[in-house]
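Asker: Residue numbers (the numbering used here): 1 to 167. Backbone N, C-alpha and C define an ideal beta-carbon position, used for all residues, glycine too. Before I ask anything, here is the structure I am working with.
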Amino acid sequence: PENLLLASKCKGAAVKLADFGLAIEVQGEQQAWFGFAGTPGYLSPEVLRKDPYGKPVDIWACGVILYILLVGYPPFWDEDQHKLYQQIKAGAYDFPSPEWDTVTPEAKNLINQMLTINPAKRITADQALKHPWVCQRSTVASMMHRQETVECLRKFNARRKLKVSML
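Structure below.
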């Protein structure tokens, strides 16, 4: 994902989040916004429906990011933005082989809970942090290098940059 940056080139460097240009602070569980803004592939169904929304949109975006980090491409993708939005509103994603064959069922379960169409049923940040995939990760698994994911990320990012340069 384009807004995740490494603090340095050192192994084990901290990951920094960037680009909070549209961010606002939300108190409690209030519905914060009615507008339509954000990067298309990360928009939640409620944003696309133009419903009022709050914190669950961030969980949706984190679910998209987690999906990308695990396999190197996004859960929702189409060159046609209208078709992309239809996929998102329908929650039309899957875990295709061979990329997802080595990803644990717990990781897939967390993604499913983060990419739940109904924001009222979507996992909260507190619940996500207590999810078994987050809490029970072994050091070996967390240090595992996924070369195929890195290659997929490079290809996806190259396609994205080419598309932007052509606009």
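Which two residues bound the contiguous alpha helix (DSSP H) that contains Val57?
Answerer: Run containing Val57: Pro56 to Val71, per the alpha helix (DSSP H) assignment.
Asker: Determine whether the beta carbon atoms of Ile88 and Pro45 lie at a separation below 8 Å.
Answerer: It is a contact, given that the beta carbons lie within the stated cut-off.
Asker: Assuming contact is defined by CB atoms lying nearer than 8 Å, are Gly63 and Leu17 in contact in what I supplied?
Answerer: Taking 8 Å as the Cβ cut-off, Gly63 and Leu17 do not qualify as a contacting pair.
Asker: Mapping the DSSP letters down to three states, classify Val15 as helix, strand or coil.
Answerer: Val15 falls in the strand class under three-state DSSP.
Asker: Let me know if Pro119 comes out buried or exposed under the rule of 16 or more other beta-carbons within 10 Å of its beta-carbon.
Answerer: So Pro119 ends up on the buried side.
Asker: Tell me whether the beta-carbon of Val103 lies closer than 8 Å to the beta-carbon of Leu129.
Answerer: Their beta carbons are not under 8 Å apart, which means Val103 does not touch Leu129 by this criterion.
Asker: With a Cβ-Cβ cutoff of 8 Å, do Tyr93 and Pro75 count as a contact?
Answerer: Contact: yes.
Asker: Using the rule of at least 16 other Cβ atoms within 10 Å of the residue's Cβ for burial, across every protein chain shown, is Met41 buried or exposed?
Answerer: Note that residue 41 corresponds to Gly in the displayed sequence, not to Met. Gly41 should be labelled buried.
Asker: Measure how close the beta-carbons of Ile117 and Gly91 come, nearest whole angstrom, since I'm counting them as under 8 Å.
Answerer: Indeed they touch by this definition, with Cβ atoms about 4 Å apart.
Asker: Given this structure, state the Cα-to-Cα distance separating His131 from Lys11, to the nearest angstrom.
Answerer: Looking at the two C-alpha atoms, the distance is approximately 26 Å.
Asker: Using the Cα positions of Val47 and Leu5, report the straight-line distance between them to the nearest angstrom.
Answerer: Distance between the alpha carbons of Val47 and Leu5: 26 Å.
Asker: Should Arg169 go down as buried or exposed, given a rule of 16 or more other Cβ atoms within 10 Å for buried?
Answerer: Because residue 169 is not part of the residues shown, which for the chain are 1 to 167, the question remains open.
Asker: For my contact list, Ile111 and Ile59 are in at a C-beta cut-off of 8 Å; report their separation, rounded to the angstrom.
Answerer: No, Ile111 and Ile59 are not in contact; Cβ-Cβ is about 11 Å, not under 8 Å.
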